Amino acid sequence: AATVQEEVGLRGARTSAQMIQPDVGFALEVDISGDVPGVDSTKLTASMSNGPSILVADGSMLPNPNLKHFVIDVAKEMGMDLQLSIIARGGTDAGVMHITGSGCPSLVLGIPTRHIHSHYGILDVADLEKCVDLLIEILKRLDQKTIDSFTKI
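The sequence shown maps to residues 1 to 153 in UniProt numbering.
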């Protein structure tokens, strides 16, 4: 589902997740690119032109570990560079998806973007295309057995 009002309380994602009750959730999001002057790239590790990212933590959630490893493995099998990123503050739509119902394995796929929350954001279209390709391949591989494996302890 496409959602709105993420910046004012994850409202669209909350409503959609409650209505849909997904088995697995992916939030497609811009990731803060740390490759700009004045930004500490040790704190914001994603950078443009190095492929999509997955958030291994943000201010609203930690991704399901089994789902995270599944996505990393798919990217490796595709020969795709995948960045691991942490955003200490703020949250994403996955922050409400993962607590829907009795829990929903969720993960954020990001496109490193410079100057988010400004009048212009700059991203590498190749990173965007790779993110789309990765998501398509992930969805092709999701069967019930795979989805069930995300919640096995």
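The C-beta atom is built at its ideal place from N, Cα and C for all residues, glycine as well. Computed from a predicted model, the values in this text were never measured in an experiment.
Is the Cβ-Cβ distance between residue i and residue j less than 8 Å?
{"i": "Leu-135", "j": "Phe-26", "result": "yes"}
{"i": "Leu-109", "j": "Ile-54", "result": "yes"}
{"i": "Ala-75", "j": "Leu-84", "result": "no"}
{"i": "Ala-126", "j": "Ser-33", "result": "no"}
{"i": "Ala-17", "j": "Val-96", "result": "yes"}
{"i": "Val-24", "j": "Ile-99", "result": "no"}
{"i": "Ile-153", "j": "Val-71", "result": "no"}
If you count every other CB in all the chains shown that lies within 10 Å of the CB of residue i, and 16 or more means buried, which is it?
{"i": "residue 242", "result": "Beyond the ends of the chain as shown, which are 1 and 153, falls residue 242; an answer cannot be given."}
{"i": "Asp-58", "result": "buried"}
{"i": "Pro-37", "result": "exposed"}
{"i": "Thr-42", "result": "exposed"}
{"i": "Pro-65", "result": "exposed"}
{"i": "Gly-101", "result": "exposed"}
Could you round the C-beta distance between residue i and residue j to whole angstroms and report it? I think they count as a contact, below 8 Å.
{"i": "Ile-87", "j": "Val-30", "result": "Their Cβ separation, rounded to whole angstroms, is 11 Å, which puts Ile-87 and Val-30 out of contact at 8 Å."}
{"i": "Gly-51", "j": "Met-80", "result": "6 Å"}
{"i": "Pro-112", "j": "Ser-47", "result": "6 Å"}
{"i": "Leu-107", "j": "Lys-145", "result": "Not quite, the Cβ-Cβ distance comes to about 18 Å (not below 8 Å), so this is no contact."}
What residue range is occupied by the uninterrupted alpha helix (DSSP H) comprising residue i?
{"i": "Pro-112", "result": "First-last for Pro-112: 106–114, but that is the beta strand (DSSP E), not the alpha helix (DSSP H)."}
{"i": "Asp-73", "result": "65–77"}
{"i": "Gly-95", "result": "94–97"}
Could you please give the first and the last residue of the uninterrupted beta strand (DSSP E) stretch that includes residue i?
{"i": "Val-56", "result": "53–57"}
{"i": "Val-30", "result": "25–32"}
{"i": "Gln-21", "result": "Unbroken run through Gln-21: none, as it is neither H nor E."}
{"i": "Ile-86", "result": "83–86"}
At a cut-off of 7 Å, is residue i close to the ligand COA when judged by its beta-carbon and the heavy atoms of the ligand?
{"i": "Asn-50", "result": "The model on display carries no ligand, and the ligand COA is accordingly not part of it."}
Only counting runs of 4 or more residues, tell me where the alpha helix (DSSP H) segments fall wholly within the stretch 116–147, in order along the chain. 125–141
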